[in-house]
Structures are given as structure tokens and as C-alpha cells.
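Every letter in the sequence shown is one number past the one before it in our numbering, and letter 159, counting from 1, is 332. Some notes on the structure that comes next.
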Amino acid sequence: MTQPTRPHDHDHNHDHHHDHDHGSELSEAAIRVRALETVLLAKGYVNADALDLIVETYETKIGPRCGAQVVARAWVDADYKARLLANGTAAVAELSFSGRQGEHLKVVENTEGVHNMVVCTLCSCYPWPVLGLPPVWYKSAPYRSRAVLEPRAVLADFGVTLPADKTVRVWDSTAEIRYLVLPQRPAGTEGWSEAQLAELVTRDSMIGTGVPKAAQARPPDDAQAHGANT
Ligand code: FE
């Protein structure tokens with residue numbers, strides 16, 4: 174029952190089906206999620222029923238918005254960022270995030286030269302206190318094997334293309350150590366509040382299979398609006 178090796182099995186024949194929702198009321202984010210889900214389903218990363226269950230859990234319990242607050246704080250506070258990189262567990266506890274599967278949290282920073290990506294090749298180890306439960310694809314055999322063997326191909330499946338000269342570093346989680354990626358702060362966000370910045374931080378950007386949303390119109394902020402409306 175050995176598993177066949179999978180040297181280059183991602184197809185290029187575009188046989189995945191598309192769910193056409195012309196005229197729907199879906200938000201841009203929802204459309205993006207639907208598109209990504211379609212790709213992941215077609216490629217066998219996820220099972221639809223399991224995905225629904227996970228999403229429900231994410232919507233009702235602890236989830237990646239916790240990690241987004243950590244990232245946003247690190248973007249605006251250099252001292253906090255230094256503490257976060259030195260001792261992730263202690264630094265996220267400063268924001269009251271702690272608990273099982275986060276006892277030994279290591280935060281790895283994306284830079285101009287390095288992109289970090291997290292996997293658990295053995296099973297599904299994941300930093301629960303800051304990201305909630307892992308998405309189904311994170312636990313899937315294809316992701317776990319391919320993330321290490323061909324990280325750039327996996328990133329491409331997630332819609333992420335990196336410069337050729339950027340190093341991709343893959344961190345293999347263990348029962349002892351969990352990883353959180355500190356993504357790069359998007360350009361054009363100078364002066365944004367932590368809350369505004371946190372809105373740009375996606376779950377996948379903290380796993381390394383994505384990057385933060387690009388800064389577009391600055392979202393409303395009470396304090397900011399107060400100052401601007403003079
Ligand atoms: Fe694991």
C-alpha cells in the first residue's frame with residue numbers, strides 16, 4: 174500500500190469546473206473565497222463537507238482574527254515585533270492569546286529576501302491560539318507532501334507568485350513547535366491604525382500560502398474620521 178510518488182501531477186489541462194455566479198450579491202472577498210475553494214476542491218486539497226464544518230467553527234470560535242491583531246501590532250510597534258520574534262508564545266500572551274497548541278510558538282518574519290511557509294508534514298500541527306483550527310487543506314496529504322517538495326508550485330496554486338530570487342523557507346511544525354508567519358506590511362499603509370491594518374491580514378498570509386491584501390481605500394476608523402472631518 175505504498176503511496177505512489179507524485180512527481181509532477183498537477184495538471185495543466187484546465188478541466189476544473191467553474192461555478193458561475195453572474196449577478197450574485199457575493200462580496201469580492203466571498204467571490205475570491207469561492208474561487209479558491211473551487212480550485213482546492215478540484216485539486217483534491219479539500220472535501221466540501223469538511224470545509225463547511227471548519228468554516229462554521231472559524232466563524233463562531235477562535236480564529237485567525239486573533240493572529241491578525243498580533244501581526245498588526247508588530248507592524249506598528251517595533252518593540253513588540255522584537256519581542257514577538259524573540260518569544261512568540263510570550264508576545265501573543267500579551268494580547269491575551271494563549272492555550273493549547275501554542276505553548277511553543279515561533280514567529281518567522283517575511284522580508285524582501287525571504288518568504289516563509291508553514292506545514293506539518295506528519296499531521297496537522299498548527300498554532301491554535303492565534304489561527305484557530307487548521308483549514309482542511311492544511312491537513313491534506315497533497316499539501317503536506319508538496320509544500321516541502323515543491324513549495325513554489327503550491328504557492329502558485331494559491332495564486333502567489335514570488336520573485337525568482339526570493340528564498341522560500343518551509344517550516345515543518347512539530348508537536349513541540351508551532352509557527353506563525355509575520356507577513357510583510359503592505360505598501361501604502363503608512364499611518365493606518367492597528368485595526369485598519371489587521372483587516373489586511375489574511376489567515377493564509379500567516380501560514381505563508383498567501384500574502385496580505387493590498388492596501389486600497391483606507392477603511393474608516395473612528396479616531397481617523399474625527400480628525401479628518403474638520
Ligand atoms: Fe502535526
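Heads up, the beta-carbon is just placed ideally off N, CA and C, and yes, glycines get one too.
- Gly364 is not a Cβ neighbour of Ala388, given a cutoff of 8 Å.
- Under the 10 Å beta carbon count, Pro302 is surrounded by 16 or more other beta carbons and is classified as buried.
- Apart from the 5 residues on each side of it in sequence, Gly286 sits with its Cβ closer than 7 Å to the Cβ of Lys339, Thr340 in its chain, given in chain order.
- Counting only runs of 4+ residues, the alpha helix (DSSP H) found wholly inside the stretch 239-324 occupies 251-259, 261-267, 301-304, 309-312, 314-322, in chain order.
- Taking every residue with its beta carbon within less than 6 Å of a heavy atom belonging to the ligand FE gives, in chain order, Cys293, Leu295, Cys296, Ser297, Cys298, Ser346.
- Distance from the CA atom of Ile350 to the CA atom of Leu373, rounded to whole angstroms, is 26 Å.
- If you draw a 10 Å sphere on the C-beta of Thr382, you find 16 or more other C-beta atoms in it, and that means buried.
- Taking Arg317 as the centre and dropping the five residues before and after it, the same chain places the C-beta of Val292, Cys293, Thr294 closer than 7 Å to its C-beta, in chain order.
- Take the alpha-carbon of Lys312 and the one of Val219: they are about 9 Å apart.
- Per DSSP, Asp345 is one residue of the beta strand (DSSP E) stretching across 340-345.
- A straight-line Cα-Cα distance of about 14 Å links Ala390 and Ala368.
- Sequence-distant partners of Ala245 (beyond 5 residues in either direction) whose C-beta falls short of 7 Å from its own C-beta, in its chain, are Glu367, Leu370, Ala371, Val374.
- Residues Gly305 of the same chain have their beta carbon placed closer than 6 Å to that of Ile235, with the five preceding and five following residues left out of the count.
- Excluding residues up to 5 positions away in sequence, Pro324, Val343, Gly381 lie with their Cβ nearer than 6 Å to the Cβ of Met290 in the same chain.
- Apart from the 5 residues on each side of it in sequence, Thr347 sits with its Cβ closer than 7 Å to the Cβ of Cys298 in its chain, given in chain order.
- Separation of the CB atoms of Leu353 and Leu268 is rounded to 12 Å, and the pair is thereby denied contact status at 8 Å.
- Between the alpha carbons of Arg376 and Asp252 lies a gap of roughly 24 Å.
- In the DSSP annotation of this structure, the continuous segment of the alpha helix (DSSP H) that includes Arg205 starts and ends at 201-215.
- The continuous beta strand (DSSP E) containing Leu353 extends over residues 351-355.
- In the three-state reduction of the DSSP assignment, Ala337 falls in the coil class, being assigned neither a helical nor a strand state.
- Each of Pro359, Leu214, Pro237, Leu355 was checked against the Cα of Ala255, and the nearest Cα belongs to Leu355.
- Per DSSP, the unbroken alpha helix (DSSP H) holding Glu367 starts and ends at 367-371.
- Counting only residues of its own chain and dropping the five nearest sequence neighbours on each side, Glu276 has a CB closer than 7 Å to the CB of Thr262.
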